[in-house]
Each structure stands twice: as structure tokens, then as C-alpha cells.
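Colleague: Numbering (the UniProt record's numbering), first residue to last: 1 to 180.
The beta-carbon is built from N, C-alpha and C at its ideal position, and this holds for glycine as well.
Source: prediction; values computed, not measured.
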């Protein structure tokens, strides 16, 4: 795929973001089902293109060039449906400052049109496998709002264990950990 970092995972690919993904990510993060749980991802088209071009793509390149010692780096990957080549979601890893160290987290979203097909569970598994095999990460965190039952199922299917509640931006989140 044009020399872009890509992980093959069953019926999906995880591929690093590129500027041409701006419209797909904008459409995804404009869905109420996504921005209800990830409000920081809501943006205008122009903001999305700016963030991709000036932050997310360079952050991905810095993360990948620093392997295996990734420090505080971020990796943001599109979930690509193999059958169509469409970007249908994202699966990311980065530092969650609101958590105690080690505070590397995994976060994800999938289009409402592609839910309940196992894509997100597969994406999370693929990214965790990559982190285990190619980085110095020893633990991955996930934070989920209690009302986000779908994300909780994805996290639990991937072996995360509930470790308590944490308050983030005035809301209680369930905190999960998986050791790598």
C-alpha cells in the first residue's frame, strides 16, 4: 500500500493515516455514535486535514522510526476493510496523561455501518500484538465510559482486566489493563 506502514489482520488492515484519509475520518467522527464517546475527535474538514498533515502523519513517522523504544509516541492507524479498501474506523495507541504510569492506552472507533462484524476486536488484537512483538511496551490501558457497552466488550474480548474507575474531564470511566 504505497510504502505505508500496514498490519494485516484477518479481514482488515491497520494502515497509518495519510492526508487522503481526511474526508473518511471526518465522516466517521461526525457520526453521533462516535463523537458521543470521543468528542475530541470532532472537527471541521479543514481541521481534520490540518491535524492529519501537521500532527498525526508526522507523529506516526516519529513513532515508527523510534521502534522499539517508543517513549511517549503516538501511532494512529486506519481500520481498512480488505474487501473494499475503505477506511471504516481507527485504532490508535498513545499516552493517556490522566492515568498513572505506565499510561500507554489504546483507543478506537468504527463506523456505524460496520459494527458487530468483529472488525474492532480484530484491530485491537492486531495493534496489541504489534506492540508486544515490536516495542518495549509492558502494559496497555483502556478507558471506557460505563455506558459504552460495545467498547467494553471489545476490550474484554482482548484480555483486558477491569482495575477500577478513573475520572477524566469530570466523567467516570472504567479503567482496564492488559499486560504485554
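Mapping the DSSP letters down to three states, classify residue 35 as helix, strand or coil.
Modeller: As a working note, residue 35 is residue 35 in the chain shown. Helix at residue 35.
Colleague: Rounded to a whole number of angstroms, what is the C-alpha to C-alpha distance between residue 1 and residue 18?
Modeller: Indexing the chain shown from 1 puts residue 1 at position 1. Indexing the chain shown from 1 puts residue 18 at position 18. With a pLDDT of 45 at residue 1, under the threshold of 50, the modelled position of that residue is not reliable, and the figure given next carries that caveat. Spanning the two alpha carbons is a distance of roughly 11 Å.
Colleague: When burial is assigned at 16 or more other CB atoms within 10 Å of the CB, is residue 48 buried or exposed?
Modeller: Residue numbering aside, residue 48 sits at position 48 when the chain shown is read from its first letter. Residue 48 should be labelled buried.
Colleague: When the distance is taken between beta carbons, is residue 137 closer than 8 Å to residue 180?
Modeller: One-based indexing of the chain shown puts residue 180 at position 180. One-based indexing of the chain shown puts residue 137 at position 137. In this structure, residue 137 lies closer than 8 Å to residue 180 by Cβ.
Colleague: Is there at least one non-hydrogen atom of the ligand ATP closer than 7 Å to the beta-carbon of residue 32?
Modeller: No copy of the ligand ATP appears in this structure; indeed no ligand is present at all.
Colleague: Count the other C-beta atoms from every protein chain shown that fall within 10 angstroms of the C-beta of residue 104, then say buried if there are 16 or more, exposed otherwise.
Modeller: By 1-based counting over the chain shown, the position of residue 104 is 104. So residue 104 counts as buried.
Colleague: Short check: CB of residue 76 to CB of residue 92, under 8 Å?
Modeller: In the chain shown, the residue the question calls residue 76 occupies position 76. In the chain shown, the residue the question calls residue 92 occupies position 92. Contact: yes.
Colleague: Alpha carbon to alpha carbon, how far is residue 25 from residue 102?
Modeller: As a first step, residue 25 must be located in the chain shown, where it is residue number 25. As a first step, residue 102 must be located in the chain shown, where it is residue number 102. If I take the Cα positions, the gap works out to 29 Å.
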